[in-house]
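To keep things clear, I will list the structure first and then write my remarks on it.
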Amino acid sequence: MKKIDGDPIVGDPVHPIYTFALAWIDQQGQPDRTSVCKMYAQEQSDAQLNSIGKELVQELAKVRDVREDLMSFEVSSPKYETWMLEWFCHATIDDGRSDQEFLRSFSRYVSRYAHMQDWPPSEDFVTLMGAEDYWRWSGEKGQGDPPCRCEICTEQGVVRINH
Ligand SMILES: [Zn+2]
Numbered sequence: 018m019k020k021i022d023g024d025p026i027v028g029d030p031v032h033p034i035y036t037f038a039l040a041w042i043d044q045q046g047q048p049d050r051t052s053v054c055k056m057y058a059q060e061q062s063d064a065q066l067n068s069i070g071k072e073l074v075q076e077l078a079k080v081r082d083v084r085e086d087l088m089s090f091e092v093s094s095p096k097y098e099t100w101m102l103e104w105f106c107h108a109t110i111d112d113g114r115s116d117q118e119f120l121r122s123f124s125r126y127v128s129r130y131a132h133m134q135d136w137p138p139s140e141d142f143v144t145l146m147g148a149e150d151y152w153r154w155s156g157e158k159g160q161g162d163p164p165c166r167c168e169i170c171t172e173q174g175v176v177r178i179n180h
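Numbering (our numbering), first residue to last: 18 to 180.
If you want it as structure tokens, here you go:
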């Protein structure tokens with residue numbers, strides 16, 4: 018069993034989450050940076066991570082209108098978790114569990130971090146971005162019952178809970 022912060026995650030599958038830190042020089046010559054987290058069903062090889070990082074660089078270079086050759090990325094070693102935070106949303110790998118099983122799993126995830134949602138944040142703070150309020154949980158675009166299994170989620174092989 019994998020352990021996180023000393024607490025065993027009982028009964029829930031964990032998946033590797035990699036953080037890609039991207040840095041670049043913008044058109045005004047100023048340094049800028051962002052990071053992107055990605056969860057995968059299985060661990061990725063160095064070659065896979067390298068090609069994912071290069072794709073992210075290409076996408077971001079277009080979006081930010083900067084030169085690819087002025088961009089670089091670093092990828093972290095994986096962190097193992099049951100759910101991954103997105104913008105007012107959490108996602109996990111769709112491994113065939115039922116809606117109820119995903120909701121129970123997310124409930125366990127939330128209860129592991131609910132105690133650290135006060136301000137100011139502690140050093141090892143993990144934000145739930147409002148998911149600690151169970152009434153916020155919803156399906157696609159903030160409507161309907163969670164979890165979201167829309168076309169995008171299905172294509173990406175994940176389920177999401179918006180909040
Ligand atoms: Zn969806």
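Quick reminder that beta carbons are idealized off the backbone N, C-alpha and C, glycines included.
I need the straight-line Cα distance from M88 to Q160, nearest angstrom please. 38 Å
Using 8 Å for Cβ pairs, my map puts V92 next to G70. What's the rounded Cβ distance? 6 Å
Cα-Cα separation between A40 and D49, rounded to whole angstroms: 6 Å
Out of S68, R81, R129, state which residue places its alpha-carbon closest to the alpha-carbon of I188. Lying before the first or after the last residue shown, residue 188 is absent from the chain, which here runs from 18 to 180.
By the three-class DSSP mapping on this structure, what secondary structure does M146 have? coil
Please name the residue in A38, Q47, K79, R84 whose C-alpha comes closest to that of N67. A38
Rounded straight-line distance, which links the Cα of Q134 to that of G174: 29 Å
Straight-line Cα distance separating I178 from S155: 6 Å
Grab me the residues of V143's own chain with a C-beta within less than 6 Å of its C-beta, minus the 5 sequence neighbours each way, in chain order. Y130
Mind reading off the beta-carbon distance from C165 to E172? Whole number of angstroms is fine, and I expect it under 8 Å. Not a contact, Cβ separation roughly 12 Å.
With ligand 1 as the reference, list in chain order each residue whose Cβ lies under 7 Å from any of its heavy atoms. E157, C165, R166, C167, I169, C170, R177
Taking C-beta to C-beta, are P33 and E60 nearer than 8 Å? yes
Taking 8 Å as the cut-off, decide whether the C-beta atoms of V83 and Q44 are in contact. yes
My assumption, with CB atoms under 8 Å, is that M9 sits in contact with F105. Please give the rounded CB distance. Look at the range of the chain in this structure, 18 to 180, and you will see that residue 9 is not part of it.
Which residue marks the beginning of the beta strand (DSSP E) containing S52, and which one marks its end? 48-56
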